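Numbering (our numbering), first residue to last: 100 to 587.
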């Protein structure tokens, strides 16, 4: 259909246009995508076998939908991606406030215009990108905002009485007729406002003030809600829940590979950062493992969740830490170090809700401990496990590394502002690390080996084989027993 040539109602009828409800649009276009083996929701990872099939079933059932899940679980993203399932253009009566369908007008304005001009009624075309309306549920939202109210200024200007329905000023929902309408954080919406949605969801019509007005709106409603809100800040009234066709539970990524894909896709990095900073694969794994550890931590409130935004902003901070170090040191290129992970602590502290014990520990200390927990968890995937209790005569692959630190009792310092050359020479001085990597990680590239060497030192600290001391300029590693004996 060539929309450029269709400018009136008569042209539309000649072209053979047939009206279709928005839910039928979504359903038909979804069926086409599935038949053509196309990805239905591009850019959403980890939901292929869980959330997306449920969402597809809801669309095929023509349901209004409630996404229920913790923060940072792509609820709003999924709602916005549903735009891609709409027809590219739809005709509307030109000048209509509520996107009237020329074939099935519902507003007084559109009905009277068609009665007056007939086949010559002008129409305009609405692109699918304009068919999305969103409202964040806040305590100040009123029925007038979302449904509509009498406009006294309009009544005065048009010299109309309040009994005339032309004095109505339509709210957000009628103006989003034939659109996808999203209400975010539904439990935060006051109960009386939720009640006002009953008729719209069930019968598709609205009531404004005392008017006997029936507008059979054609809409796709999508709600998002956080389970925590049910008890902490508000709740969804039961009759409203009863009218929402499908409730879909979202979740966080279930594995590190999926989490890495999300972070790589969403992180906003400068071209220069990508060019000068090399990020070892282990560093990416470690970053995601920190988030997984946070979700399991006893110090963090699991009911609040740990958003996927944490790993995204942490990754941005990680690269900025490496970039800042390279700029100050004059290095043209650099590789992320494990000590750079201390730069992600501000990204962690602002995104986690601590329980009482966590508050006592302190947000920064909890974040610092999460890095150590992640190192400890990943270490056993790359190197032999360190047994907590072993016989004195039992040999360990790490004995030589620990002995090196015992013999260098003055300590081993990695300063934050070390240039790459100084950093590498310091780690090269610990010769047993080379033997350890040669035996257990023989395929490791030279560039990535330095990150892994520091990773081994951090892991040995977590397993109490070495001690680590953080001071203003950097980190010092020592043999714990050697430093204890020297202090006697």
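Ideal Cβ placement from N, Cα and C applies to all residues, glycine included. Quantities reported herein were computed from a predicted structural model and do not represent experimental measurements.
Burial state of residue 293, where buried means 16 or more other Cβ atoms lie within 10 Å | Buried, since its Cβ has 16 or more Cβ neighbours within 10 Å.
As assigned by DSSP and simplified to three states, the class of residue 524 = In the structure shown, residue 524 sits in a helix (DSSP, three-state: H, G or I).
Give the straight-line distance between the Cα atoms of residue 334 and residue 439, rounded to the nearest whole angstrom.
-> About 42 Å.
Tell me whether the beta-carbon of residue 466 lies closer than 7 Å to the beta-carbon of residue 414.
-> Not closer than 7 Å, so no.
Option nearest residue 572 by Cα separation, candidates 377, 517 and 125 = The alpha carbon of residue 572 has as its nearest neighbour, out of 377, 517 and 125, the alpha carbon of 517.
Please list, in chain order, all residues of the same chain as residue 220 whose beta carbon is under 7 Å from its beta carbon, the five residues on each side excluded.
-> Within its own chain, the residues whose Cβ lies closer than 7 Å to the Cβ of residue 220, once the five positions on either side in sequence are excluded, are 107, 108, 192, 201, 212 and 213, listed in chain order.
Whether residue 285 touches residue 231 by CB criterion (7 Å) = No. Outside cutoff.
Shortest alpha-carbon distance to residue 575 belongs to which of 525, 536 and 432?
-> Looking at 525, 536 and 432, the one whose alpha-carbon comes closest to that of residue 575 is 525.
Proximity below 7 Å, CB of residue 452 to CB of residue 396 | Not in contact: residue 452 and residue 396 (Cβ atoms no closer than 7 Å).
Evaluate residue 352 with the Cβ neighbour count: other Cβ atoms within 10 Å of its Cβ, from every protein chain shown; 16 or more gives buried, anything less gives exposed.
-> Flag for residue 352 reads buried.
With distances taken between CB atoms, is the gap from residue 195 to residue 209 smaller than 7 Å?
-> It is a contact, given that the beta carbons lie within the stated cut-off.
So, helix, strand or coil for residue 104, using DSSP?
-> DSSP places residue 104 in helix when its eight states are reduced to three.
In angstroms, rounded to a whole number, what distance separates the CA positions of residue 136 and residue 348?
-> Cα to Cα, residue 136 sits roughly 25 Å from residue 348.
Runs of beta strand (DSSP E) wholly within the segment 174–243 (minimum 3 residues, chain order) = Runs of the beta strand (DSSP E) inside the segment 174–243: 188–192, 222–226 and 231–235.
When the Cα atoms are used, what is the spatial distance from residue 339 to residue 240?
-> The alpha-carbon atoms of residue 339 and residue 240 are separated by roughly 17 Å.
Using three-state DSSP, classify residue 568 as helix, strand or coil.
-> Reduced to three states, the DSSP call for residue 568 is strand.
Range covered by the alpha helix (DSSP H) that runs through residue 157 | It spans 150–159 - the alpha helix (DSSP H) in which residue 157 sits, taken as one unbroken run.
Applying the criterion that 16 or more other CB atoms from any shown protein chain within 10 Å of the CB defines a buried residue, is residue 373 buried or exposed?
-> Only exposed fits residue 373, as fewer than 16 other CB atoms lie within 10 angstroms of its CB.
Can you give me the start and stop residues for the beta strand (DSSP E) that residue 268 sits inside?
-> It spans 267–269 - the beta strand (DSSP E) in which residue 268 sits, taken as one unbroken run.
Which residues mark the beginning and the end of the beta strand (DSSP E) in which residue 346 is found?
-> 345–348 is the extent of the beta strand (DSSP E) around residue 346.
Which residues mark the beginning and the end of the alpha helix (DSSP H) in which residue 259 is found?
-> Neither: residue 259 is in no alpha helix (DSSP H) and is coded neither H nor E.
Taking the Cβ atom as the reference point for each residue, do residue 406 and residue 157 lie within a distance shorter than 7 Å?
-> No, the pair does not count as a contact, with Cβ atoms beyond the cut-off.
Starting from the N-terminal side, write out each stretch of the alpha helix (DSSP H) that is 4 residues or longer and does not extend beyond the segment 385–440.
-> If we require 4 residues or more, the alpha helix (DSSP H) runs fully inside the segment 385–440 come out as 407–428.
In whole angstroms, what separates the C-alpha of residue 199 from that of residue 188?
-> Distance between the alpha carbons of residue 199 and residue 188: 14 Å.
Can you pull the DSSP bridge partners for residue 319?
-> The beta-bridge partner set that DSSP reports for residue 319 consists of 279.
Is residue 111 helix, strand or coil by DSSP?
-> Of the three classes helix, strand and coil, the one that applies to residue 111 here is helix, per DSSP.
For the beta strand (DSSP E) holding residue 165, just list the boundary residues, first then last.
-> Taken as a continuous stretch (DSSP letters only), the beta strand (DSSP E) holding residue 165 covers 164–167.
Between residue 557 and residue 386, which are expected to be in contact by the criterion C-beta below 8 Å, what is the C-beta distance as a whole number of angstroms?
-> The Cβ separation is near 14 Å, so there is no contact.
May I ask you to report which of helix, strand or coil DSSP gives residue 376?
-> Three-state DSSP puts residue 376 in a strand.
Identify the continuous beta strand (DSSP E) that holds residue 511 and give its terminal residues.
-> Start and end: 511–514.
Give the single residue among 545, 531 and 238 whose Cα lies nearest to the Cα of residue 290.
-> Of the candidates 545, 531 and 238, the residue whose Cα lies closest to the Cα of residue 290 is 238.
Roughly how many angstroms lie between the CA atoms of residue 479 and residue 544, to the nearest whole one?
-> Taking the straight line joining both Cα atoms gives about 20 Å.
May I ask you to report which of helix, strand or coil DSSP gives residue 330?
-> Confidence at residue 330 is low in this model, with a pLDDT of 46, below 50, so its placement is unreliable and no value can be given for it.
DSSP state of residue 461 mapped onto helix, strand, coil = Residue 461: coil per DSSP, three-state reduction.
Residue 390 to residue 357 span [Cα, whole Å] = In this model, residue 390 and residue 357 are separated by some 13 Å (Cα to Cα).
Have a look at residue 550 and residue 130 and give me their C-alpha separation to the nearest angstrom.
-> Looking at the two C-alpha atoms, the distance is approximately 48 Å.
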